[in-house]
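Q: Here's a structure for you.
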Amino acid sequence: MLNFEEELAKFQPSRDIDQVEDTIVNRDITDVTDIMVEFLKEQYEQDDRE
């Protein structure tokens, strides 16, 4: 049977994962949420003009 505490103590995080995580977090990628926010801003601005 696995000893969870023992296995956790031996755990060493991968440097590759840290590098990939930093790259993903630091990239400015437009997602669906960003597109919807921009769309709604444009709609509100248009409604204010009318």
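Here numbering that gives the first Met the number 0 is used: the first residue of the sequence shown is 0, the next is one more, and so on.
Where is the CB? At the ideal position from N, CA and C, for every residue including glycine.
1) Report the option in Asp-17, Val-31 and Asp-47 whose CA atom is closest to the CA atom of Asn-25.
2) Which residue comes first and which comes last in the alpha helix (DSSP H) that contains Glu-49?
3) Once you ignore the five residues that flank Val-31 on each side, which residues in its own chain have a CB closer than 7 Å to its CB?
4) Provide the residue span of the alpha helix (DSSP H) that contains Asn-25, from first to last.
A: Quick look at the numbers:
1) Locating residue 25 in the sequence shown gives position 26, counting from the first residue. Asn-25 has its Cα closest to that of Asp-17, out of Asp-17, Val-31 and Asp-47.
2) As a first step, residue 49 is located in the sequence shown; it is residue number 50 there, counting from the start. Looking at the DSSP string, Glu-49 is not in any alpha helix (DSSP H), and its letter there is neither H nor E.
3) Taking the first residue of the sequence shown as 1, we reach residue 31 at position 32. So the list is empty, once near-sequence residues are dropped.
4) As a working mapping, residue 25 is identified with position 26 in the sequence shown. Residues 14-25.
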